[in-house]
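Data first, discussion second: the structure below is written as C-alpha cells.
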Amino acid sequence: MTWANTARVCAFALFVFAPMWSGCGKPAQAPAQHNAQIAAQSAQPAVPPQAGPAPQPIPTPLPRPQFFGGTVTALDSGHITIWRASPGKAAERRTFLINSRTKMSRSVKVRARVTVRYRRLPEGDVALEIRTQTLLRPRVS
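As C-alpha cells, then:
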C-alpha cells in the first residue's frame, strides 16, 4: 500500500467513524437524548453571578518605535518636518513633535539628511531620537 492510499484510508475512516464517538472515547448521544438534556438544562434556574472585584483593565502597551528618514525642510523648537522621495513612490512629508525627552544632535539644521525614530501616539507622531546622516564622499587624490 502506498503512502497516498494509506492517507486516503485514514481520511475515510475518520470521516465515517468520527461522528460516532465523542472526544472522550464514549459513544455520542442520540439526537433525542441530546435534545432532552438541553431542555432539562434550560429549565433549571440560572445561577446569579457573584459580586466580586471588578476586573482590572489591561494596560495597552506602547506602540513600537518606527523610523522615517529624509531631508529636514522645517525645524523649530516644537516640530520638525522631514521630506523624502523614493523612486517609484510618491514624495512623502511628515511632521514630528519634539519634546523634552527627544534626543537630538546639535548639528540638525534645515536641508540636513536625518533619520527620526518616533512613536505614534494619540497626540501625534512624537520624535524619540533624531540622528543626522553623515555624507560619505569619495576622496579626491
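All residue numbers for the sequence shown refer to the working numbering, where the first residue is 11 and numbers rise by one.
We put the CB at the ideal spot given by N, CA and C, even for glycine.
- Taking the CA atoms as reference points, residue 127 sits about 6 Å from residue 140.
- Sorting 130, 149, 114 and 131 by C-alpha distance to the C-alpha of residue 142 places 114 at the top.
- Contact check for residue 82 against residue 120 passes: the beta carbons are separated by less than 8 Å.
- Around the beta-carbon of residue 106, 16 or more other beta-carbon atoms lie within 10 Å, marking it buried.
- If the five residues before and after residue 75 are omitted, its C-beta is found closer than 7 Å to the C-beta atoms of 127, 128, 129 and 138, all from its own chain and listed in chain order.
- Straight-line spacing of the CA atoms in residue 102 and residue 84 works out to 14 Å.
- The Cβ-Cβ distance between residue 93 and residue 79 does not fall below 8 Å.
- Listed in chain order, the non-local C-beta contacts of residue 109 below 7 Å within the same chain comprise 136, local neighbours out to five positions each way being set aside.
- Taking a 10 Å sphere around the C-beta of residue 90, we find 16 or more other C-beta atoms and assign the residue as buried.
- If you check the CB distance, residue 77 and residue 144 do not come in under 8 Å.
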